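Protein sequence lines, in the order shown, are assigned to chains X and V.
Heads up: take any position in the first sequence, counting from 1, add 612, and you land on our numbering.
Heads up: take any position in the second sequence, counting from 1, add 612, and you land on our numbering.
All C-beta atoms, glycine included, are put in the ideal place defined by N, C-alpha and C.
The structure presented is a predicted model; accordingly, all values stated were derived computationally and were not measured.
Quick notes on the structure that follows.
There are 2 protein chains.
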Amino acid sequence: MKIGLLGFGVVGSGVYDIIANGTALELRNIEVKRIISLVVTPGFEHLITKNIDDIVNDDEIELVVEAMGGLHPAYEFVMACINAGKHVVSSNKHLVSNYFTQLNEAAEKNNVQFRYTPSAGGGIPWLSTLKRARRSDEIEQIWGIVNGTTNYILDSMVKDDTDFSVALKEAQRLGYAEADPSADIDGLDTQRKCIISANLAFDVVIDEKDVPAFGIRNITHSDVSYFEKNGWVCKLFANAGRNQDDSVYAYVVPVLLDKFEIEAGVASNYNCITYVGKYVGRSSYIGQGAGKLPTGNSVVQDILDTIFDDASLKREYKKSAVNNAMVAHRYYIKTDSATPELSEIIEKDEGDGRYITKPVSIECIQKTAEGLFEKCPQTFIAEIK
Amino acid sequence: MKIGLLGFGVVGSGVYDIIANGTALELRNIEVKRIISLVVTPGFEHLITKNIDDIVNDDEIELVVEAMGGLHPAYEFVMACINAGKHVVSSNKHLVSNYFTQLNEAAEKNNVQFRYTPSAGGGIPWLSTLKRARRSDEIEQIWGIVNGTTNYILDSMVKDDTDFSVALKEAQRLGYAEADPSADIDGLDTQRKCIISANLAFDVVIDEKDVPAFGIRNITHSDVSYFEKNGWVCKLFANAGRNQDDSVYAYVVPVLLDKFEIEAGVASNYNCITYVGKYVGRSSYIGQGAGKLPTGNSVVQDILDTIFDDASLKREYKKSAVNNAMVAHRYYIKTDSATPELSEIIEKDEGDGRYITKPVSIECIQKTAEGLFEKCPQTFIAEIK
Chain X
613 MKIGLLGFGV VGSGVYDIIA NGTALELRNI EVKRIISLVV TPGFEHLITK NIDDIVNDDE
673 IELVVEAMGG LHPAYEFVMA CINAGKHVVS SNKHLVSNYF TQLNEAAEKN NVQFRYTPSA
733 GGGIPWLSTL KRARRSDEIE QIWGIVNGTT NYILDSMVKD DTDFSVALKE AQRLGYAEAD
793 PSADIDGLDT QRKCIISANL AFDVVIDEKD VPAFGIRNIT HSDVSYFEKN GWVCKLFANA
853 GRNQDDSVYA YVVPVLLDKF EIEAGVASNY NCITYVGKYV GRSSYIGQGA GKLPTGNSVV
913 QDILDTIFDD ASLKREYKKS AVNNAMVAHR YYIKTDSATP ELSEIIEKDE GDGRYITKPV
973 SIECIQKTAE GLFEKCPQTF IAEIK
Chain V
613 MKIGLLGFGV VGSGVYDIIA NGTALELRNI EVKRIISLVV TPGFEHLITK NIDDIVNDDE
673 IELVVEAMGG LHPAYEFVMA CINAGKHVVS SNKHLVSNYF TQLNEAAEKN NVQFRYTPSA
733 GGGIPWLSTL KRARRSDEIE QIWGIVNGTT NYILDSMVKD DTDFSVALKE AQRLGYAEAD
793 PSADIDGLDT QRKCIISANL AFDVVIDEKD VPAFGIRNIT HSDVSYFEKN GWVCKLFANA
853 GRNQDDSVYA YVVPVLLDKF EIEAGVASNY NCITYVGKYV GRSSYIGQGA GKLPTGNSVV
913 QDILDTIFDD ASLKREYKKS AVNNAMVAHR YYIKTDSATP ELSEIIEKDE GDGRYITKPV
973 SIECIQKTAE GLFEKCPQTF IAEIK
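Shown next as structure tokens:
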């Protein structure tokens with residue numbers, strides 16, 4: 613099978629390397645024929661083009677890998693490829709979480725496959741496993757660490773006893789965080805992966821604007837010291853599940869875990885994602901959530917699934933509201949501000965602007981947070997598991 | 613598709629329940645037509661028979677689930693079904709690890725599928741994931757906790773501060789351990805799962821007699837206290853991998869892990885299995901390693917893979933010797949005996965018959981152990997990770 617690559621950055625070049633150099637039998641008949649890239653990497657002049665038509669109009673290219681990132685022109689390019697009858701594999705969580713319905717519908721209409729395992733979990737076969745799991749099981753909940761950058765920062769703040777800004781700089785030096793780290797530290801990357809996972813697990817399509825995301829931008833050294841004193845470890849979690857009335861909840865929040873919990877031991881830039889099935893109970897997956905070869909390998913796995921066609925029955929994904937009113941937890945809030953909403957839910961005043969709340973819903977904490985962030989942008993909020 | 617069940621115990625009845633009551637779309641066209649069982653469960657009189665011919669000669673039955681356990685007559689029954697042109701899914705690690713070549717060859721000859729995901733990992737989609745992983749990646753090592761009984765006992769000895777015999781009795785009471793617990797506590801169950809996993813990961817067929825298995829029968833409360841003082845947690849591990857010369861190592865041993873390692877936090881009867889791939893790095897899977905519905909769900913997943921045929925290219929499994937001379941670790945040895953072989957490898961005498969060895973190969977520790985067990989059957993050995 614001849615394939616085209618859209619984008620030749622970290623993931624795209626990883627896909628190329630695995631296809632070109634991998635020794636597995638299954639890789640023998642796959643060949644990268646064309647690459648769309650604005651930069652011409654030396655040695656790849658014969659493959660690289662800036663013109664998407666060189667792929668769209670090439671009937672020999674049966675499958676296209678989109679690893680450009682961003683919404684535009686990724687969306688237009690992918691749609692053009694699907695409409696030209698080509699299968700697409702995408703590693704772009706931003707694209708998949710925003711255009712889930714459009715992309716799936718276009719693929720169905722054109723009788724091609726649209727796969728996106730690499731868009732959440734990186735090197736972990738998370739989405740493909742989830743897709744297989746629901747063939748027999750009922751998925752009840754999903755949760756976990758799906759962003760390596762924030763996990764590296766949170767882990768480093770504990771192990772190297774540093775402050776947030778120092779850990780962030782080190783993550784940037786190591787290539788784990790981008791120059792503009794907002795999407796990671798504000799929880800948007802986690803939010804997108806949460807949405808894609810929830811869509812697949814619960815046959816829904818949920819909107820970014822319905823999924824609250826609390827990040828770790830405002831966590832400080834003194835928070836971490838306080839957590840350690842209490843036997844807690846802080847991790848950034850994606851959370852989603854079915855409520856008892858069959859509606860779906862979905863949100864992103866730092867959580868405070870007992871130090872003996874599995875996720876508490878997940879170090880460095882690793883991810884750890886869990887689903888709870890009616891039959892299998894808890895099923896957790898740990899591995900590299902990003903990186904050239906891990907994510908490249910997930911792309912190649914999706915290519916192989918397209919070739920060997922692990923077809924299961926078509927699902928209908930229903931556009932779905934999010935209902936965050938039914939899940940209750942205690943929260944840790946650190947803030948210089950005071951609001952009537954806050955006073956109402958405080959269970960324990962720990963001093964120094966630290967509070968532990970009564971068990972409240974994520975909807976309630978979201979409302980409280982809005983008031984607090986307005987008066988004190990340095991407010992930090994974490995859920996106590 | 614109409615299927616037959618061989619065996620109607622824990623796993624067989626779990627398979628029946630999921631097929632009969634599951635709500636997933638994919639389950640709709642699967643029906644259990646016949647069950648082989650020596651006991652007639654009330655309500656199932658119309659399905660149960662003692663005569664294997666009622667399944668072998670029924671052309672409507674396209675797939676047979678073997679969940680009888682043991683080698684005989686399971687082997688003869690399964691071979692009769694394969695030779696009659698029926699697909700087979702087995703949850704029986706004893707059978708699969710002993711007749712790996714015969715079963716795969718018979719299936720190929722008869723152009724049917726032989727699947728065995730439930731035979732290692734229980735409810736964790738471990739073997740199916742491993743099989744998918746090696747389509748693109750090179751598996752370098754596998755390790756982990758694959759026996760829930762021993763993990764329950766080891767966890768309980770720490771958390772409930774009890775001795776081995778008390779923890780074993782509680783495991784038996786909860787149904788986690790059998791009346792005769794030897795296969796679990798002597799590491800034989802782990803050994804079989806180790807072999808099946810290694811065969812699949814490395815395209816080999818290895819023999820039980822080549823895979824040393826150290827169990828946990830002789831661990832005492834005082835060992836556990838000593839480990840805790842050193843910040844260690846003891847877990848029973850299956851280990852296998854490729855040596856640098858392309859030979860394969862494989863062995864079962866209790867390991868002493870730093871308490872912050874992921875496996876150290878795996879509690880109760882859970883399993884945690886890991887592979888290291890050239891491209892994805894470490895990839896770990898945590899879940900229920902046994903039980904009616906978790907293992908039943910794995911059987912159903914294999915049935916669905918048979919129906920939807922996730923065919924990848926056929927592999928040749930090469931009969932392979934085991935080479936345990938190339939992996940070196942320090943070992944903890946507690947014994948009342950003393951032998952020249954032991955003296956030679958001691959690095960530290962911790963008193964009370966406790967020794968820490970120099971880094972030595974598993975082959976060396978196996979030779980040393982033979983001498984020690986002969987003089988002192990209560991000897992306990994664990995690898996220091």
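CA-to-CA distance, residue j to residue i, given in whole angstroms
i         : j         : result
Ala554(X) : Pro730(X) : One cannot answer for residue 554(X) here, as it falls past the ends of chain X, which runs 613 to 997.
Arg942(V) : Leu905(V) : 39 Å
Phe726(X) : Ala902(X) : 21 Å
Lys705(V) : Asp665(X) : 53 Å
Gly734(V) : Val677(V) : 15 Å
Tyr764(X) : Glu643(V) : 49 Å
Phe839(V) : Cys846(V) : 7 Å
Val878(V) : Asp870(X) : 13 Å
Phe849(V) : Thr774(X) : 35 Å
Gly681(V) : Asp792(V) : 15 Å
Arg747(V) : Tyr628(X) : 16 Å
Asp670(X) : Phe920(V) : 31 Å
Ser768(X) : Ile831(X) : 13 Å
Gly908(X) : Lys979(V) : 44 Å
Leu954(X) : Ile828(X) : 20 Å
Gln990(V) : Thr947(V) : 7 Å
Asp819(V) : Asn710(V) : 8 Å
Asn811(X) : Gly619(X) : 26 Å
Ala615(X) : Ala813(V) : In the sequence on display, residue 615(X) carries Ile and not Ala. Roughly 28 Å separates the two Cα atoms.
Cys693(X) : Phe656(X) : 22 Å
Trp755(X) : Asn851(X) : 4 Å
CB-CB length for residue i against residue j, believed under 8 Å
i         : j         : result
Pro824(X) : Asn935(X) : Not confirmed; about 12 Å, so no contact.
Leu868(V) : Glu995(V) : 7 Å
Lys698(X) : Ile673(X) : 6 Å
Val865(X) : Val770(X) : That pair is no contact at about 19 Å.
Local Cβ density within 10 Å of residue i, reported as buried at 16 or more and exposed below that
i         : result
Leu786(V) : exposed
His658(V) : exposed
Leu637(V) : exposed
Lys960(X) : exposed
Leu650(V) : exposed
Ala940(V) : exposed
Asp801(V) : buried
Arg804(V) : buried
Asp749(X) : buried
Arg646(V) : buried
Thr653(X) : exposed
Gly624(V) : buried
Glu875(X) : buried
Reduced DSSP category for residue i - H, G, I as helix; E, B as strand; rest coil
i         : result
Leu650(V) : coil
Ile977(X) : helix
His699(V) : strand
Gln900(V) : strand
Phe776(V) : helix
Ser740(X) : helix
His941(X) : strand
Lys841(X) : helix
Glu875(V) : helix
Tyr728(V) : coil
Ser924(X) : Here the model assigns Ser924(X) a pLDDT of 48, short of 50, so the residue's position is not dependable, and the following value carries that caveat. Three-state result, Ser924(X): coil.
Tyr788(V) : coil
Val823(X) : coil
Ser611(V) : Nothing about residue 611(V) can be read from this structure; chain V reaches only from 613 to 997.
Ile630(V) : helix
Contact under 8 Å by Cβ, residue i with residue j
i         : j         : result
Tyr882(V) : Gly899(V) : yes
Gly799(X) : Phe826(X) : yes
Ala745(X) : Thr761(X) : no
Ser895(V) : Ile736(X) : yes
Cys988(V) : Ser949(V) : yes
Tyr897(X) : Thr741(X) : yes
Ala719(V) : Ser703(V) : no
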